[in-house]
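Visitor: If you're matching positions, the sequence shown starts at 1 in UniProt numbering and goes up one per residue.
Sharing a structure, written as structure tokens. Questions coming.
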Amino acid sequence: SGDLVFVDEDGFYFVVDRLKDVFKVHGKQVSPAEIEDLLLTHPAIEQAVVIGIPDEHAGHAPRAFIVLRDEESSETVQEVAQFVKERLSPHKHLKGGIRVVDDLPKSSSGKVLRRILQEQS
């Protein structure tokens, strides 16, 4: 199916992410959905998507594209980066950067078009 799934101790299955969206940083798997879920808990962020961009040392680096609720300030981007650093493992930090965008590219069904973001990176 292309889905990344885990089974808990009670035998329940949970879809975690799409395998094609998962990338590796220093050999460790990174699920964009985990970082996106965290970003969406930040009060300044309305929408978020994370992709892996090529990195010559790490293989890939996480990059976030975010839509803010209010106007951007350089402090907001720094605050979001720190927010992630305080809550996730180092290989999940946004070393690929944070890009503030007005909107995320979406298909007619409303799914984010990660391919377009990859091409823009």
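All residues carry an ideal CB built from backbone N, CA and C; glycine is no exception.
What residue range is occupied by the uninterrupted beta strand (DSSP E) comprising R99?
Guide: Unbroken beta strand (DSSP E) run through R99: I98 to V100.
Visitor: Measure the CB-CB distance between V30 and P62 and report whether it falls below 8 Å.
Guide: Against a cut-off of 8 Å, the Cβ pair of P62 and V30 comes out as a contact.
Visitor: Taking 7 Å as the limit between beta carbons, can you name the residues of its chain near I116, skipping five residues before and five after?
Guide: So the qualifying residues of the chain are P105.
Visitor: Who does I53 pair with in a DSSP beta bridge?
Guide: According to DSSP, I53 bridges with A61.
Visitor: From which residue to which residue does the alpha helix (DSSP H) around K85 run?
Guide: Unbroken alpha helix (DSSP H) run through K85: S74 to R87.
Visitor: Rounded to whole angstroms, how far is the Cβ of L68 from the Cβ of T76, which I believe are closer than 8 Å?
Guide: Yes, they are in contact, since the Cβ atoms of L68 and T76 sit about 6 Å apart, within 8 Å.
Visitor: Using DSSP's beta-bridge definition, name the partner residues of V30.
Guide: According to DSSP, V30 bridges with F23.
Visitor: Can you find at least 3 beta carbon pairs, one from the stretch 34 to 44 and one from the stretch 82 to 101, that sit closer than 8 Å?
Guide: The stretch 34 to 44 is in contact with the stretch 82 to 101.
Visitor: Buried or exposed, going by whether 16 or more other CB atoms sit within 10 Å of the CB of E36?
Guide: Buried, because 16 or more other Cβ atoms sit within 10 Å of the Cβ of E36.
Visitor: Out of E56, E46 and H57, point me to the one whose CA is closest to F65's CA.
Guide: Cα-wise, what sits closest to F65 is E46.
Visitor: Within 10 Å of its beta-carbon, does P32 have 16 or more other beta-carbons around it, so buried, or fewer, so exposed?
Guide: Looking at its Cβ environment, which holds 16 or more other Cβ atoms inside 10 Å, P32 is buried.
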